[in-house]
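Those protein sequence lines, which keep their order, are chains A and B. Note that our numbering numbers the first sequence so that position 252 is 252, with each residue one more than the last. Take any residue in the second sequence, count from 1 to its spot, add 1000: that is its number in our numbering. To keep things clear, I will list the structure first and then write my remarks on it.
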Amino acid sequence: MRRVGVGYREQLSDWLATRPPEVRCLEITAEHFFDSREQTLAALAEMYPMFVHGLGLSLGTPEPLDRETLRRFARVATAAKAEWVSEHVAFTRTVEVDLGHLNPVPLTYESLQTLVDHAQEVAEACNRPLILENITTELRFDGDMPETEFLNRMCEEAKCGLLLDVTNLYINSRNHGYDAASWLNEIEPSHIVQLHVVGYSRHGSRYHDGHAARIQPDLMELVQRVVEYAPVQAITLERDARLNEIEEIVADLRRLEQACDSS
Amino acid sequence: MTQVDLTTAISRLLSDRSLRENFARSPRLAAETIGVAPSDLGSFVQIDCDGLCRQAQAMIDKRRYEVAKLLPETFAGIGSEGEELFNFYAQTFWPTGHRRHAIDARQFLQFLLSNGIAGARKPEWRRLSRQLS
């Protein structure tokens, strides 16, 4: 059964407490709960199926994972009774600097092995399935294989799934000049477990992930294509701004539900 | 010199504007300066310079967006100079940890106050300090 829901944000807490029928699952950001707040997690877990999404484990870093961050991440996953946990195909830090931002990993055999090793470590620490998300990037570089092959191999070797951010796919395809549908067709459909989606932003000819807009029609077409292609289990509307626009959020959730129903 | 892997080399380029400028002039010289491993040299010198700069700026813009949410009065006070001031500051300090945005905001405000920038709001510094203690 496909479920549609939102990313938990404090500004949505009152609305979510009313258990709106359009929200059938909830994703929380792990780092937002690192400083305790386990009671809040427990209360949310009573109301909704939960997923835990990380930002700072930096699985693409070619050094050991930070033990304290991993410990906290696993603690949040347990407290939330998460069905699965997720992170990114990216690095945010090295031993020299913490960039605090998701950056692309080189598509090399070395990077692939680093991700596979770290993915297995995270899944084991959390005792839950792990899925990994594609990111937006202004930076692309040549590697040993195309991105789609990299993601397929990563999922197969790490025994993890893919969190397909459809907005990120759309943005990258527009900024880097390739066809999103063709990219999708190169991904093994069984890997795709969850989707992220939110309307994109645009400044001139460049597209950005502002996490603030309604889902545009062309983006919704791509979402429709994905749900027809893959056995997606959950879709998360990933709004970070304009969170007081509840009617708008509900409208997008209903459209996502319709996309699932018609697939 | 210790050889540096490709990911670490990319992180140095993303975090160091002068290194990016050197890379734009001569990728091979930048690779020598960093000490990129020979096996990664081919991929390193082919990195798209424009994309690199856009990615680096995207990181700074994201930091500024988060910091501005935490320092609304200060950003209102410094007005149109805020972007340039933050871009300058952001090259000198990289916050760490899951409270990075609050740390970044306090550090930026400290930078403004130390440099006597009109518009910086001391009460916001005190609020952040309490929050981080």
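Yeah, the Cβ is synthetic: ideal placement off N, Cα and C, and Gly gets one too. The structure presented is a predicted model; accordingly, all values stated were derived computationally and were not measured.
Beta-carbon proximity of residue i to residue j, cut-off 8 Å
i, j, result
"A79 of chain A", "A123 of chain A", "no"
"D1158 of chain B", "F141 of chain A", "No answer is possible for residue 1158 of chain B: it lies beyond the span of chain B, which begins at 1001 and ends at 1133."
"E147 of chain A", "L184 of chain A", "no"
"V227 of chain A", "A180 of chain A", "no"
"R72 of chain A", "L112 of chain A", "no"
"V166 of chain A", "V197 of chain A", "yes"
"H1101 of chain B", "E31 of chain A", "no"
"M50 of chain A", "E87 of chain A", "no"
"C25 of chain A", "A234 of chain A", "yes"
"H118 of chain A", "I171 of chain A", "no"
"D1040 of chain B", "A1009 of chain B", "yes"
Exposure of residue i, with buried meaning 16 or more beta-carbon neighbours within 10 Å
i, result
"M220 of chain A", "buried"
"I28 of chain A", "buried"
"S1018 of chain B", "exposed"
"T1092 of chain B", "exposed"
"Y109 of chain A", "exposed"
"F1088 of chain B", "exposed"
"Y178 of chain A", "exposed"
"P104 of chain A", "buried"
"T94 of chain A", "buried"
"G161 of chain A", "buried"
"M1059 of chain B", "buried"
"N1115 of chain B", "exposed"
"R1012 of chain B", "buried"
Distance between beta carbons of residue j and residue i, contact taken as under 8 Å
i, j, result
"E1073 of chain B", "R1121 of chain B", "4 Å"
"P189 of chain A", "T114 of chain A", "Not quite, the Cβ-Cβ distance comes to about 26 Å (not below 8 Å), so this is no contact."
"R254 of chain A", "G7 of chain A", "At roughly 17 Å, the Cβ-Cβ gap does not stay under 8 Å, so R254 of chain A and G7 of chain A are not in contact."
"L1085 of chain B", "I1078 of chain B", "6 Å"
8 Å Cβ cutoff, residue i in contact with chain B
i, result
"D117 of chain A", "no"
"V76 of chain A", "no"
"S111 of chain A", "yes"
8 Å Cβ cutoff, residue i in contact with chain A
i, result
"Q1046 of chain B", "yes"
"L1052 of chain B", "yes"
"I1010 of chain B", "yes"
"S1015 of chain B", "yes"
Selection from the options that minimises the alpha carbon distance to residue i
i, options, result
"L130 of chain A", "A:A241, A:V89, A:D252 and A:L243", "A:V89"
"E247 of chain A", "A:P189, A:D35 and A:A213", "A:A213"
"C155 of chain A", "A:V193, A:V223, A:P20 and A:G204", "A:V193"
"A45 of chain A", "A:L195, A:V250, A:T69 and A:R19", "A:R19"
"Q1107 of chain B", "B:A1090, B:A1118, B:I1117 and B:P1123", "B:A1090"
"V1045 of chain B", "B:S1114, B:F1023, B:S1015 and B:Q1131", "B:F1023"
"L169 of chain A", "A:E157, A:L222 and A:Q120", "A:L222"
"I1117 of chain B", "B:L1014, B:W1094, B:R1020 and B:F1075", "B:F1075"
"E1066 of chain B", "B:L1041, B:P1038 and B:I1103", "B:I1103"
"R242 of chain A", "A:R9, A:L55 and A:L151", "A:R9"
"I187 of chain A", "A:L164, A:S205 and A:Y200", "A:L164"
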